[in-house]
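What follows is a set of notes on a single structure, which appears directly below.
Residue numbers (the numbering used here): 2 to 359.
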């Protein structure tokens, strides 16, 4: 029996050591401004993120991913050599903007974390791992590196990228080809009042009920309430928003489509009941409503904004053209940097494909 345990322990340790040695094996090296090895373990982590979103990859496809990782490190070293940096505040702003779009209202990372704990019983880290395979800090670093590279390429090709804009005929043709998609659903302008929960439930509930009673008596007083909300001592948030009679708007408001339809059946100046959410108390006032409309080029996309359909199409085509210009500039820079003195593959193709068949 003792011999069995000794043998088993030896095999187990050998297996673990073997896995560790494999993960630590250097398979490529980038050396533009500093020597930066790429190990099989680093590639595995990178591949796992991609496979989480796009399914399992073959060894040949994983080799292509390695090629992309080499390109990324070359570009990052080049950008860092030029002194290009991205501040933490820029990263946090990007993340807050994405989270705000997800929930349909302004929200910070800390507020979103609290919301996740209350509604799903999970941390922001766990949420990010489920969504992207990265922790919050890993995602922030990933975002930072990509922004550094993008900023670098843009700064070095600003004139060419900025010149990539659509012509008037191109804008009109794009609209004509997609005219059936430019439909504005029935819309309602709502004035939203929110009191965040911060552990003083009685006080918070009293405040929302006071505001509710005030607007119930005089629903045309939203401007004065909005002005008060801008004070740091107000204790509540207020804003005008447009919602459409769609499932997406209902989901953003945290209600069913049937409940949203009741909003559109109600007259202007109707004040909703106070609703208790996981992290706040809120109600809204219906300020205006509009019927569904098939839009033309000169129509406003959203009644609450000045942007026309023409400007929207122009903006979309500009983004597409500038993205193409950015990608071309990226390829050109990679081709310039990717020479033998700046990088090398440590393994042969056959050895590499064998290592990538995990």
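Quick reminder that beta carbons are idealized off the backbone N, C-alpha and C, glycines included. Quick caveat, the model's predicted, so the values are computed rather than measured.
Backbone CA spacing between residue i and residue j [nearest angstrom]
i: residue 322; j: residue 310; result: 18 Å
i: residue 105; j: residue 49; result: 30 Å
i: residue 342; j: residue 36; result: 11 Å
i: residue 230; j: residue 335; result: 51 Å
i: residue 76; j: residue 128; result: 30 Å
i: residue 114; j: residue 72; result: 34 Å
i: residue 305; j: residue 158; result: 36 Å
i: residue 193; j: residue 292; result: 21 Å
i: residue 11; j: residue 58; result: Any reading at residue 11 must be qualified, since the residue scores a pLDDT of 40, below 50, and its modelled position is unreliable; the value itself is stated next. Their backbone Cα atoms lie some 33 Å apart in a straight line.
i: residue 227; j: residue 130; result: 38 Å
i: residue 79; j: residue 33; result: 7 Å
i: residue 339; j: residue 160; result: 24 Å
i: residue 344; j: residue 122; result: 45 Å
i: residue 238; j: residue 191; result: 14 Å
i: residue 55; j: residue 107; result: 30 Å
i: residue 211; j: residue 220; result: 13 Å
i: residue 85; j: residue 147; result: 12 Å
i: residue 354; j: residue 180; result: 49 Å
i: residue 349; j: residue 149; result: 32 Å
i: residue 133; j: residue 139; result: 10 Å
i: residue 312; j: residue 101; result: 24 Å
i: residue 156; j: residue 325; result: 16 Å
i: residue 233; j: residue 218; result: 25 Å
i: residue 244; j: residue 99; result: 19 Å
i: residue 90; j: residue 103; result: 20 Å
i: residue 31; j: residue 170; result: 46 Å
i: residue 81; j: residue 269; result: 56 Å
i: residue 203; j: residue 187; result: 37 Å
i: residue 327; j: residue 316; result: 16 Å
6 Å CB neighbourhood of residue i in its chain, flanking five on each side removed
i: residue 331; result: 154
i: residue 258; result: 248, 251
i: residue 314; result: 172, 175, 176
i: residue 300; result: 310
Residues that DSSP places opposite residue i in a beta bridge
i: residue 123; result: Answer by DSSP bridge pairing: none, since residue 123 is not bridged.
i: residue 282; result: 196, 277
i: residue 30; result: 38, 345
i: residue 242; result: 191
i: residue 295; result: 184
i: residue 287; result: 191
i: residue 272; result: 286
i: residue 173; result: Paired residues: none, contrary to the question.
i: residue 301; result: 309
Proximity winner among the options, relative to residue i (alpha-carbon distances)
i: residue 261; options: 246, 127, 170; result: 246
i: residue 83; options: 173, 254, 316, 152; result: 152
i: residue 88; options: 108, 142, 168, 191; result: 142
i: residue 137; options: 313, 63, 125, 327; result: 125
i: residue 302; options: 240, 326, 176; result: 176
i: residue 216; options: 150, 271, 351; result: 271
i: residue 296; options: 31, 185, 109; result: 185
i: residue 51; options: 307, 329, 135; result: 135
i: residue 319; options: 214, 166, 103; result: 166
Same chain, Cβ closer than 7 Å to residue i, five either side skipped, listed in chain order
i: residue 47; result: 66, 70
i: residue 144; result: 92, 95
i: residue 264; result: 189, 287
i: residue 16; result: Low confidence applies here, because residue 16 scores a pLDDT of 42, under 50, leaving its location unreliable and the question unanswered by this model.
i: residue 357; result: 60, 63, 64
i: residue 41; result: 23, 24, 26, 28, 356
i: residue 236; result: 196, 208
i: residue 273; result: 284, 285
i: residue 278; result: 255
i: residue 200; result: none
Beta-carbon contacts of residue i that lie in its chain and below 8 Å, excluding the five residues immediately before and after
i: residue 394; result: The requested residue 394 is not part of the displayed model; the chain covers only 2 to 359.
i: residue 280; result: 112, 115, 116, 119, 197, 198
i: residue 163; result: 323
i: residue 276; result: 282, 283, 284
i: residue 267; result: 287
i: residue 241; result: 190, 191, 192, 193, 223, 227, 288, 305
i: residue 109; result: 97, 100
i: residue 307; result: 301
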